[in-house]
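So the sequence shown is numbered by my numbering: it starts at 74 and just counts up by one. Ideal Cβ placement from N, Cα and C applies to all residues, glycine included.
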Amino acid sequence: MKVRVGVNGYGTIGKRVAYAVSKQDDMKLIGVTKTKPDFEAYRAKALGISVYAASADFLPRFEKVDFEVAGTLSDLLEKVDVIVDATPGGMGAKNKALYEKAGVKAVFEGGENASTAQVSFVAQANYEKALGKDYVRVVSCNTTGLSRTLSALQDYIDYVYAVMIRRAADPNDSKRGPVNAITPSVTVPSHHGPDVQTVIPINIETSAFIVPTTLMHVHSIMIELKKPVTEKDVIEVFENTTRVLLFEKEKGFEGTAQLIEFARDLHREWNNLYEIAVWRESISVKGNRLFYIQAVHQESDVVPENIDAIRAMFEMSDKWESIRKTNRSLGILK
Ligand code: NAD
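Put into structure tokens, the structure is as follows:
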């Protein structure tokens, strides 16, 4: 039996999750919603994906250009077992009532408050918590990135301080900035630390800056250790951690540009880099402090988590079976 999946909000995350669902042999993509018949709607149709209007209010936009939709969100909800809500942040909480009424499980994204769902999810950190649940939130790209590496080091952590250098906008977003400034998040600590704590119980504080780039986020992470660890140990931990890859400056990975080029060279769809990239040379231990630097491809690191969340919600696989299946289907390197 295949789980029937719908995607509400076919944007940056929604289109990637829809693609990932279509690559699973235990899931079936039933359809996606669009608010307007733009190029993404035409492309979805060309790919054979059923396009639904996000609500009846949007139907005239489609009728005006004779774009035939398969129905509205309510029709889609009648045909699916689970909906992935990838609408802009905050909208998922409002949509939840529709999902409850339709008796459909829902996966929410990181733009929603933790209270919208029963569990905040990162597969390798807390897969079991989502088993059988109806509402699961896949945390934000930054929280996913922090949780992947920090959960692997959890036994060593006394206290984490992380500085997040955030991309200003996604590459397809020409409205957001800054174009020429470094903008600090003046709320210190930033919300990212508490968000990580919804996934793993660690002491963490974060601060954040937005910089004029679209490619990736970068995190500078400092850990106060509760037991000794060597650089070699940390490298070994990351080498054995799924969805985390080590990159070397010596091999030409000078910054995020080369990481994205690496994903392009892999012929990854949309140059997705699902894995968190840690610079090997940045891993350094000084006394009881561990330092490392990592990069997060904001458009794609959360995509495999959406797939694993669905498997957990329907108790289709155990943690490692799901992670391995998802990794294989998306060409994730380890
Ligand atoms: P996006 O703006 O790229 O896509 C949202 C899509 O929802 C768009 O296609 C938009 O047209 C559509 N939409 C707008 N109103 C709608 C409505 N009423 N009903 C249905 N669809 C509607 O946004 P995104 O970046 O994909 O973000 C989606 C979610 O994923 C947010 O919670 C966000 O915080 C989270 N997230 C985003 C990123 C990222 O870097 N882009 C990373 C991780 C998590």
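Check	Outcome
Given residue 222, which residues of its chain have a CB within under 8 Å of its CB, disregarding the five upstream and five downstream residues?	294, 311, 314, 317, 349, 351, 365, 367
Excluding the 5 residues preceding and the 5 following residue 187 in the sequence, name in chain order all residues of the same chain whose CB lies nearer than 6 Å to its CB.	193, 271
Hey, residue 209 and residue 386 are a contact pair by Cβ (cut 8 Å); roughly how many whole angstroms apart?	6 Å
Please report the residue range of the alpha helix (DSSP H) in which residue 371 lies.	Element bounds for residue 371: n/a, residue is neither H nor E.
Using three-state DSSP, classify residue 232 as helix, strand or coil.	strand
Could you give the residue range of the beta strand (DSSP E) that holds residue 279?	277-284
Is any non-hydrogen atom of the ligand NAD found closer than 7 Å to the C-beta of residue 199, if you look at the structure I gave you?	no
Taking its Cβ as the centre, do 16 or more other Cβ atoms sit within 10 Å of residue 245, making it buried, or is it exposed?	exposed
Please say whether residue 185 and residue 198 have beta carbons closer to each other than 8 Å?	no
Find the nearest neighbour of residue 360 within the set 304, 374, 320, 393, judged by alpha-carbon distance.	304
Rounded to a whole number of angstroms, what is the C-alpha to C-alpha distance between residue 273 and residue 377?	19 Å
Output the boundary residues of the alpha helix (DSSP H) element that contains residue 86.	85-95
Mark residue 227 as exposed unless 16 or more other C-beta atoms lie within 10 angstroms of its C-beta, in which case mark it buried.	exposed
Reducing DSSP to helix, strand and coil, say where residue 408 ends up.	Since the first residue shown for the chain is 74 and the last is 407, residue 408 is missing from the structure and cannot be characterised.
Taking the C-alpha atoms as reference points, what is the distance between residue 142 and residue 171?	20 Å
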